[in-house]
Amino acid sequence: MGSSVADNFRAEQEQCAELDLAWKHAKEGKGKYYEEDGYLFHKDKILGESIGQLVIPECRRNEVLKLAHTSVFSSHMGPKKTLERITYSFFWKGMRTDVKKYCDSCNECQLNQTVKVVNIDLIGPIDPPRSKENKYILCLVDQHTRWGEAVPLNSLSAKRDSTLDYGSVSISIVVWQATTRPLSILKSTWIGKSNNIQLNTAPVSKYLEDLKSKFEVAAEQAKLVSAVQQENTAYYHNLRSSNKVFKVRDQVIVLIPNSTNKLFAGWQGPATIAEKRNPHSFLVKLPDGSTKHIHQNKLKKYITNSNADQDKICAIQKLSRPITEKEVRWVLGLMGFYRTYISNYAELSTPLTELTKKNKPNNVSWGEAEQKSFDRPKELLCEVTSLATPDANLPF
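So that you can map any letter, position 223 of the sequence shown is 223 in UniProt numbering, and since no number is skipped, the others follow by simple counting.
If you want it as structure tokens, here you go:
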């Protein structure tokens with residue numbers, strides 16, 4: 001099979017009218033053309049390495065372009081990189097123009113213009129930083145090839161010159177092992193040097209197309225298996241899970257980010273369910289008085305201690321408003337002793353504190369502000385969880 005393919009290619013080289021001048025130069029030793037084993041080659045130098053490029057007749061050029069640009073191994077690279085791939089193995093006059101024309105007319109490349117779009121994001125700050133004080137990572141992902149790059153940064157200042165050596169990608173394409181490259185395999189097949197590899201009777205380009213189709217079928221089957229596995233995982237997970245049921249006015253604790261760092265979240269509460277927005281999320285009134293729309297996965301039922309001292313709670317609830325300045329000072333002293341459990345105590349107690357200043361009448365003047373300043377601390381004290389000795393007979 002190898003001899004037949006090689007003989008056919010040699011005959012096509014000899015019969016191609018466009019190669020008549022090249023054959024003449026090869027016999028005269030001009031134009032970097034030369035003949036070897038009856039085949040026409042072109043001599044070139046890439047990265048300091050002398051290579052022999054097989055000269056391609058006109059009838060075979062489209063096959064080379066298709067394998068270099070649109071095959072499963074080529075990833076639809078641009079004209080420059082597609083030319084680099086072809087140049088390492090093949091040559092014909094006007095090759096650069098033909099490559100650009102072929103790439104520009106590629107249907108998939110025209111429909112996927114996202115090849116020019118790169119997503120960029122920053123990660124950090126990373127604590128603790130590495131030994132080189134790199135606290136941030138610059139992430140870049142090409143939308144078409146999904147190629148990603150991560151660049152460490154020690155600051156977010158624009159003064160730092162963060163350059164990516166994309167040139168190494170092009171170089172790596174050129175210096176691939178010749179035996180592993182599809183174009184090199186095609187070249188070896190056409191000149192009858194297959195290195196004792198048992199090749200398929202079909203052309204190399206057709207073989208690669210069939211291989212791509214088989215990969216697509218395998219990927220589709222893997223997708224189906226993955227879907228079944230996901231269903232099984234969800235089924236067994238749901239066996240151990242339970243629906244969270246919350247009602248309006250239920251007390252809950254909420255998992256929300258820390259105010260100083262959004263990457264750290266902690267449970268806060270108790271909060272109160274104010275409204276059910278949809279089957280799986282609620283409007284929650286937080287301890288600071290604000291409201292937030294939160295998914296049920298970030299909510300837990302708040303369990304009050306059943307051993308709380310109800311007598312003390314009743315005493316606080318029945319506490320009557322002070323009438324004289326002395327009674328106001330007594331209330332402030334009581335509230336101040338438990339100020340740890342009263343959020344924003346200083347702000348809440350300001351109206352009552354104003355009643356104890358000099359030149360104020362002994363019988364205090366009581367209004368709406370003073371009533372709120374008296375009622376709100378009482379409510380907060382009644383909501384405080386009591387500490388009690390755990391009961392060993394109950395589950396923890």
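Just so it is clear, CB atoms sit at the ideal spot from N, CA and C, and this is done for glycine as well.
- Looking at the DSSP output, residue 49 sits in a beta bridge with 46.
- Contact annotation: the region 311-325 touches the region 355-370, with at least three C-beta pairs closer than 8 angstroms.
- Listed as beta-bridge partners of residue 363 by DSSP are 324.
- Here residue 352 is near residue 328, since their CB atoms are less than 8 angstroms apart.
- Taking 8 angstroms as the cut-off, the Cβ atoms of residue 15 and residue 55 do not count as close.
- The alpha-carbon of residue 214 is positioned some 30 angstroms away from that of residue 101.
- In this structure, the CA atom of residue 285 is about 10 angstroms from the CA atom of residue 294.
- It is roughly 22 angstroms from the alpha-carbon of residue 359 to the alpha-carbon of residue 374.
- With respect to the 8 angstroms criterion, residue 91 and residue 42 are classified as neighbours on the basis of their beta carbons.
- Measuring C-alpha to C-alpha distances from residue 247 to each of 234, 301, 210, 227 identifies 301 as the nearest.
- Contact between the region 120-129 and the region 73-93 is not established, with fewer than three Cβ pairs separated by less than 8 angstroms.
- In the DSSP assignment, residue 26 falls within the unbroken alpha helix (DSSP H) covering 20-28.
- The beta carbon of residue 265 sits closer than 8 angstroms to the beta carbons of 255, 256, 257, 258 from its chain, once the five residues preceding and following it are set aside; these are given in chain order.
- Taking the Cα of residue 251 as reference, the smallest distance to any Cα among 237, 222, 238, 270 is reached at 270.
- Per the C-alpha coordinates, the member of 53, 378, 281, 253 positioned closest to residue 191 is 53.
- For residue 110, the enclosing alpha helix (DSSP H) begins and ends at 107-111.
- Residue state for residue 15 is assigned as helix, using DSSP reduced to three classes.
- Here the alpha carbon of residue 288 sits roughly 22 angstroms from the alpha carbon of residue 316.
- Shown here for residue 376: same chain residues with a beta carbon closer than 7 angstroms to its own, the five before and five after excluded, namely 348 in chain order.
- Assignment of beta-bridge partners to residue 281 by DSSP yields 278, 295.
- Partner residues in the beta bridge of residue 300, as assigned by DSSP, are 253.
- For residue 151, the uninterrupted beta strand (DSSP E) run begins and ends at 148-153, by DSSP.
- Taken through DSSP and simplified to helix, strand or coil, residue 270 comes out as strand.
- By alpha-carbon distance to residue 152, the top candidate from 220, 122, 146 is 122.
- Per DSSP, reduced to three states, the secondary structure at residue 119 is strand.
- Its Cα nearest to that of residue 132, the residue 155 stands out among 155, 103, 312.
- When DSSP states are grouped into helix, strand and coil, residue 65 belongs to the helix group.
- Within the DSSP bridge table, the entry for residue 91 names 55 as partners.
- For residue 185, the uninterrupted alpha helix (DSSP H) segment begins and ends at 182-190.
- By the Cβ neighbour-count rule, residue 282 is buried, with 16 or more other Cβ atoms within 10 Å of its own.
- It is roughly 11 angstroms from the alpha-carbon of residue 354 to the alpha-carbon of residue 366.
- Residue environment: residue 185 is assigned as buried (16 or more neighbouring CB atoms within 10 Å of its CB, all protein chains considered).
- Contact between residue 19 and residue 89 is absent: CB atoms are separated by about 17 angstroms, not below the 8 angstroms threshold.
- Distances from the alpha-carbon of residue 275 to those of 364, 249, 207 put 249 closest.
- DSSP places residue 35 in the uninterrupted beta strand (DSSP E) bounded by 33-36.
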